[in-house]
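For the sequence shown, the numbering used here assigns the number 2 to the initial residue and increments by one for each residue that follows.
All C-beta atoms in this analysis are idealised placements derived from N, C-alpha and C, irrespective of residue type, glycine included.
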Amino acid sequence: MTIAATRTTTAVPTRALLACGAISGPLYFLTSFTQAAVRDGFDLTKHPASMLSNGDAGWIQVTNFLVTGILMIAGAIGLSRTLEPGRGSTWGPRLLGVFGVSLLFAAVFKADAGNGFPVGSGPATLSTAGILHMTAGSVGFLSLIVATFVFASRFSREGHRGWAICSRATGIAFFASFAGISSGNANAVVMLAFWATVLLAWGWVTAVVIRTAR
Numbered sequence: 002m003t004i005a006a007t008r009t010t011t012a013v014p015t016r017a018l019l020a021c022g023a024i025s026g027p028l029y030f031l032t033s034f035t036q037a038a039v040r041d042g043f044d045l046t047k048h049p050a051s052m053l054s055n056g057d058a059g060w061i062q063v064t065n066f067l068v069t070g071i072l073m074i075a076g077a078i079g080l081s082r083t084l085e086p087g088r089g090s091t092w093g094p095r096l097l098g099v100f101g102v103s104l105l106f107a108a109v110f111k112a113d114a115g116n117g118f119p120v121g122s123g124p125a126t127l128s129t130a131g132i133l134h135m136t137a138g139s140v141g142f143l144s145l146i147v148a149t150f151v152f153a154s155r156f157s158r159e160g161h162r163g164w165a166i167c168s169r170a171t172g173i174a175f176f177a178s179f180a181g182i183s184s185g186n187a188n189a190v191v192m193l194a195f196w197a198t199v200l201l202a203w204g205w206v207t208a209v210v211i212r213t214a215r
């Protein structure tokens, strides 16, 4: 009786944590794309989502970073509870947790305005907050990229070849676009590719969390 009660008690919060991780990506992109569509001067071919933190409505994106960061950390904790012991189960959730923490830092240290957003802003200039924002983003994105390969290794060991291939492909695509935008030559193609692969990577996170929950 005691064992059954204990299992019920632990299963409910774990499912809740996994649910938090599953909705973090959809919530982030729903909020970001909605703002991108309605805020004057914002252009998907020129501006990353982090620049939405600027301007009178910037608090919306700041809140978006905070909420989705907390949800991602919760999801990482949920994954660590449900995956069996092993290298993948140890480092995979930890790396996703680092990604979640990076979103919190991105909320505290806003990206610099510039390149026409908000309307009227001139060329982008680097501030201390902007540098810290980029540093946090780089650490978070690299953690997410490495996580795709860590989970890919686990899927391979378990015989889930399709999941392993998709995980590695996601990591490679995301790394390529991240390298492109970090090069300083972020033209329209590079920027759109970055948006697409961030969406892909977060979609991968959602899929892995849902798979685990099932």
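Need the endpoints of the alpha helix (DSSP H) that threonine 149 sits in, please.
By 1-based counting over the sequence shown, the position of residue 149 is 148. It spans 129-159 - the alpha helix (DSSP H) in which threonine 149 sits, taken as one unbroken run.
Taking the alpha-carbon positions, what's the valine 63 to glycine 98 distance?
Locating residue 63 in the sequence shown gives position 62, counting from the first residue. Locating residue 98 in the sequence shown gives position 97, counting from the first residue. Between valine 63 and glycine 98, the C-alpha separation is close to 19 Å.
State yes or no: is the C-beta of phenylalanine 118 within less than 8 Å of the C-beta of glycine 59?
Here the question's residue 118 lines up with position 117 in the sequence shown. Here the question's residue 59 lines up with position 58 in the sequence shown. Not a contact, by the Cβ cut-off of 8 Å.
Kindly indicate the opening and closing residues of the alpha helix (DSSP H) around valine 120.
Counting from one through the sequence shown, the residue named residue 120 turns up at place 119. Valine 120 -> no alpha helix (DSSP H), and no H or E assigned at all.
Would you kindly work out how many angstroms separate the C-alpha atoms of alanine 38 and leucine 31, rounded to a whole number?
Residue numbering aside, residue 38 sits at position 37 when the sequence shown is read from its first letter. Residue numbering aside, residue 31 sits at position 30 when the sequence shown is read from its first letter. Looking at the two C-alpha atoms, the distance is approximately 11 Å.
Run the CB neighbour count on glycine 89, radius 10 Å, all protein chains shown included, and call it buried at 16 or more, exposed below.
Counting from one through the sequence shown, the residue named residue 89 turns up at place 88. Because glycine 89 sits at a pLDDT of 49, beneath the cut-off of 50, its placement in the model cannot be relied upon, and the point is left open.
Could you give the residue range of the alpha helix (DSSP H) that holds asparagine 65?
Within the sequence shown, numbered from 1, the residue matching residue 65 stands at position 64. Run containing asparagine 65: 59-83, per the alpha helix (DSSP H) assignment.
Quick one: is threonine 198 buried, meaning 16 or more other Cβ sit within 10 Å of its Cβ, or exposed?
The count along the sequence shown starts at 1 and reaches residue 198 at position 197. Its Cβ being crowded by 16 or more others within 10 Å, threonine 198 is buried.
Out of Ser157, Ser184, Phe195, Ala202, which one is the CA nearest neighbour of leucine 145?
Counting from one through the sequence shown, the residue named residue 145 turns up at place 144. Out of Ser157, Ser184, Phe195, Ala202, Ala202 has the C-alpha closest to the C-alpha of leucine 145.
Comparing alpha-carbon positions, which option in Gly70, Arg40, Ala75, Phe34 lies nearest arginine 16?
In the sequence shown, the residue the question calls residue 16 occupies position 15. Per the Cα distances, Ala75.
Which first and last residues belong to the alpha helix (DSSP H) in which phenylalanine 179 is found?
As a working note, residue 179 is residue 178 in the sequence shown. Taken as a continuous stretch (DSSP letters only), the alpha helix (DSSP H) holding phenylalanine 179 covers 162-183.
If you follow the alpha helix (DSSP H) that phenylalanine 33 is in, where does it begin and where does it stop?
The count along the sequence shown starts at 1 and reaches residue 33 at position 32. Note that residue 33 is serine in the sequence shown here, rather than phenylalanine. 3-39 is the extent of the alpha helix (DSSP H) around serine 33.
Which of the three DSSP states is assigned to glycine 115 in this structure?
Locating residue 115 in the sequence shown gives position 114, counting from the first residue. In the structure shown, glycine 115 sits in a strand (DSSP, three-state: E or B).
What residue from Ser122, Thr91, Thr126, Asn65 has the CA that sits closest to serine 103's CA?
Taking the first residue of the sequence shown as position 1, residue 103 is located at position 102. The residue with the shortest Cα to Cα distance from serine 103 is Asn65.
If you pair each beta-carbon of the stretch 20-36 with each one of the stretch 45-58, do three or more pairs fall below 8 Å?
With the cut-off at 8 Å, the stretch 20-36 and the stretch 45-58 touch.
Going by the beta-carbon positions, is the gap between leucine 96 and valine 151 smaller than 8 Å?
Position 95 of the sequence shown holds residue 96. Position 150 of the sequence shown holds residue 151. Yes, the pair counts as a contact, with Cβ atoms nearer than the cut-off.
Which term fits glycine 163, buried or exposed, when burial requires 16 or more other beta carbons within 10 angstroms of its beta carbon?
Mapped onto the sequence shown, residue 163 falls at position 162. Per the 10 Å Cβ criterion, exposed.
Hey, how far is the Cα of alanine 114 from the Cα of glycine 160?
Counting from one through the sequence shown, the residue named residue 114 turns up at place 113. Counting from one through the sequence shown, the residue named residue 160 turns up at place 159. Their Cα atoms are separated by approximately 47 Å.
Compute the distance between the beta-carbons of leucine 19 and glycine 79, then report whether it is under 8 Å.
In the sequence shown, residue 19 corresponds to position 18, counting from 1. In the sequence shown, residue 79 corresponds to position 78, counting from 1. Result yes, Cβ atoms of leucine 19 and glycine 79 sit closer than 8 Å.
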